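Undergrad: Heads up: the protein sequence lines correspond to chains A and B, in order.
This note's numbering runs 757 ahead of the 1-based position in the first sequence.
Under this note's numbering, the second sequence has 170 at position 186, and the numbering climbs by one with no breaks.
My structure is below; once you've seen it, I'll send some questions.
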Amino acid sequence: MSAEANVQTRMLTVSASPHIRSDESIARIMWTVNATLAPAALFSVYRFGMPALTTMVLCIVVAVATEYLIQRWRDKPVTINDGSAFLTGLLLAMNIPATLPWYMPVFGTVAAIAVAKHTMGGLGYNIFNPALIGRAVLLASWPVAMTTWPEMASKVDGVTSATPLGILKMQGYEKLVAVFGDKAEMYKSLFIGTRSGSMGETSALLLIAGGLFLIYRGYINWQVPVIMIGTVGALTAVFGQDPIMHMMSGGLILGAFYMATDMVTIPITVKGQMVFAAGAGALTVLIRLLGGYPEGVCYAILLMNCVTPLIDLWIKPAKFGARR
Amino acid sequence: MNYWSIFKKGIFEMNPIFRLALSLCPALAVTSTVFNALGMGLSVLAVITANNIVVSLVKNYVNPKVRVPVFITIIATIVTLIILILEAYFPAVYKELGLYLELIVVFAIILARAEVFAMKNDVLPSAVDGLGMGAGFALAMVFIAVIREVLGTGMILGGTSLAIQIFPQAYDGPMIMILAPGAFLVIGLMIGMFNLIAEYQNKQAALKAKTACQQLAVQRGEAG
């Protein structure tokens, strides 16, 4: 905070009045986002046991350390206290299975912070969501380990080995329902989080709760998650799939609330963000139904990150006082 | 310009891949193993040198308006020769590189050196330029391939009788390094590194010039 306050006092902004003043800062927003992720993170530690905790801590420590070293090396102000590297580490941990050997999360986190974030110029300049780049790099590097999910540690009945979407892709919908017992049981399990998957794709309930708090604080626009999840639901319904199952499974809820709303990598205007969310939802459905992977949220958001500058070019806010 | 500096500039100062960013296609496509990179690097070294020699020999007889088709024809002829030689004497290399050998015809760096250097210089400097540029290209290719192969598989020259295990057998490397994205990552980071080195050298040179100036001023001051 001290470094930041310093910057604020030194900056002389010369612009026409009226001026809006706000207490918000990068650090405050980032730490709030971290805090809203905490319940879901703790739940996955409860679900998957110690490996989840160690992987999470490892990702966060490596992310912060990488950021520190790079900023020291490049003679830039060290901003590890603003929580953004912490958030990248946490989000990456939420995106991977809990039982990866230690070197995989380390490699992914270094790729996320060093390549995706700092080769672009650091926070605010990165084109792609760093945590998702980390996941994409890991998925390309160790495809088998990245798609082997751990068994649940606690005693609650859980689906082991394959994720619901994996079962859907390989064995079909009937088999998926049969695994859970019946449809109602499946929905309940998906909603509460008693199923296998990456650390952050398990509990829809806690992720939605965290996301709602962010919307309440105004850090993210409600249009983004609603449109992204809604697009997935609508399109899967059109193609004769089970929309409720699709909306609650995989990384969709985590992606829609926490990754498709990353302030740096999405369009500036709300309209642009709505286009972004719809595109990400459509691409997710495309990958899930027709692609080779069972889940496509990660690639869908990364692909939409690519076209963000284009969306910003096309959708511009009307100038104050300008006539349409 | 002496021959050594002509040769040397292709290695670092104007390295085809890291400084000029020309011919990135082979640097992406055939650097997944050191063996392939070496085969491709040496083939290009041969083609670029031969082409520079032939172009500088015929430069006075070629109408500038049709020089590019003429250059391409010369390059294609040389590449065909190289392919036939490889197929006859080094079938292993030929089999591995396959179609990429034919693509040497359109490598930007070869046409670029013909246009920029061989067109304006005599035979001997042109040959040295070709050797330097080819060596710089081959070194860059091997450099990228060593990083990719060692990180990706834990060994160098894997699949040949010369295979050297760098990391223990149990090494479980990131597969991305031997896939196309790994090539992009390595080349990007390497170009960044070379830019850093060049920046540092420029700074040092500027500093040297400055201190030299100051010394001169001091000497003059003392003299005056």
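All C-beta atoms in this analysis are idealised placements derived from N, C-alpha and C, irrespective of residue type, glycine included.
Quick caveat, the model's predicted, so the values are computed rather than measured.
Given a cut-off of 9 angstroms, decide if V867/A and I890/A are closer than it, judged by their beta-carbon atoms.
TA: No. Outside cutoff.
Undergrad: Output needed for D113/B: all residues of its chain with C-beta closer than 8 angstroms, excluding positions within five of it in sequence on either side, in chain order.
TA: I(-10), F(-9), G(-6), N36, R97, F101, A102 and N105
Undergrad: List the residues of chain E that W899/A touches, going by C-beta distances under 8 angstroms, in chain order.
TA: The structure shown contains no chain E; its protein chains are A and B.
Undergrad: Kindly say whether P165/B, judged by its beta-carbon, lies nearer than 9 angstroms to any beta-carbon of chain A.
TA: yes
Undergrad: Is I140/B helix, strand or coil by DSSP?
TA: strand
Undergrad: Does L81/B have its Cβ less than 9 angstroms from a Cβ in chain A?
TA: no
Undergrad: Verify the CB distance criterion: does V872/A have a CB-CB separation below 9 angstroms to chain B?
TA: yes
Undergrad: Measure from the C-beta of V894/A to each C-beta in chain B and report whether the shortest distance is under 9 angstroms.
TA: yes
Undergrad: For L169/B, go through chain A and note every residue whose CB falls closer than 7 angstroms to its CB, in chain order.
TA: V872
Undergrad: What would DSSP say about Q153/B, mapped onto helix, strand or coil?
TA: coil
Undergrad: For the segment 851 to 875 of chain A, enumerate the residues whose C-beta is nearer than 7 angstroms to any C-beta of chain B, in chain order.
TA: F864 and V872
Undergrad: Grab the span of the alpha helix (DSSP H) containing W(-12)/B for me, first residue to last.
TA: Y(-13) to I(-5)
Undergrad: Pop quiz: T904/A and L857/A are said to be a contact at Cβ under 8 angstroms. What is the actual Cβ separation, rounded to whole angstroms?
TA: That belief does not hold up - the Cβ atoms of T904/A and L857/A are roughly 11 angstroms apart, past 8 angstroms.
Undergrad: Can you tell which of V134/B, E(-3)/B and G25/B has its C-alpha closest to the C-alpha of P10/B?
TA: G25/B
Undergrad: Compare the C-beta of G172/B against all C-beta atoms of chain A and say whether one is closer than 9 angstroms.
TA: yes
Undergrad: So is T144/B buried or exposed if we call it buried at 16+ other beta carbons inside 10 Å?
TA: exposed
Undergrad: Can you pull the DSSP bridge partners for I148/B?
TA: I140/B
Undergrad: Does any CB atom of chain A fall closer than 9 angstroms to the CB of G114/B?
TA: no
Undergrad: For T15/B, which option in A34/B, L81/B, A154/B and V52/B has the closest C-alpha, if you only look at C-alpha atoms?
TA: Taking only the C-alpha atoms, the option nearest T15/B is L81/B.
Undergrad: For G142/B and chain A, any beta-carbon pair shorter than 9 angstroms?
TA: no
Undergrad: Report the rounded CA-to-CA distance for E71/B versus Y78/B, giving the unit in angstroms.
TA: 5 angstroms
Undergrad: Under 9 angstroms between the Cβ atoms of A21/B and M161/B?
TA: no
Undergrad: Between which two residues does the alpha helix (DSSP H) containing T905/A stretch?
TA: Note, T905/A: premise wrong, no alpha helix (DSSP H); not H, not E.
Undergrad: How long is the line joining the alpha carbons of I148/B and G136/B, rounded to whole angstroms?
TA: 14 angstroms
Undergrad: Would you call the segment 1045 to 1062 of chain A and the segment 1008 to 1027 of chain A touching, i.e. three or more CB-CB distances under 8 angstroms?
TA: yes
Undergrad: Buried or exposed, going by whether 16 or more other CB atoms sit within 10 Å of the CB of W(-12)/B?
TA: exposed
Undergrad: Skipping 5 residues on each side, what residues in its chain have a beta carbon closer than 8 angstroms to that of A60/B?
TA: Excluding the 5 residues flanking it on each side, A60/B has same chain C-beta neighbours closer than 8 angstroms at V89, in chain order.
Undergrad: 9 angstroms is my cut-off, CB to CB: does G176/B come that close to chain A?
TA: yes
Undergrad: N852/A: beta carbon under 8 angstroms from a heavy atom of the ligand ADP?
TA: The ligand ADP is absent from the structure shown, which contains no ligand whatsoever.
Undergrad: Among K43/B, I69/B and K49/B, which residue has its Cα nearest to the Cα of Q58/B?
TA: Checking the displayed sequence, the identity of residue 58/B turns out to be Ile instead of Gln. I58/B has its Cα closest to that of K43/B, out of K43/B, I69/B and K49/B.
Undergrad: Can the beta-carbon of G957/A be found less than 9 angstroms from the beta-carbon of S841/A?
TA: no
Undergrad: Please state whether DSSP places Q203/B in a helix, a strand or coil.
TA: DSSP places Q203/B in the helix class (H, G or I) of the three-state scheme.
Undergrad: Could you pull the start and end residues of the alpha helix (DSSP H) that R97/B belongs to?
TA: For R97/B, the enclosing alpha helix (DSSP H) stretches over residues A92 to R97.
Undergrad: Between G1029/A and I984/A, how many whole angstroms is the CB-CB distance? I'm expecting something under 8 angstroms.
TA: Contact flag wrong, Cβ pair sits at about 12 angstroms.
Undergrad: To the nearest angstrom, how far is the alpha carbon of A888/A from that of Q998/A?
TA: 29 angstroms
Undergrad: Ordered along the chain, which non-local residues of its own chain (more than five positions away) have a Cβ less than 8 angstroms from that of V107/B?
TA: I37, S40 and L41
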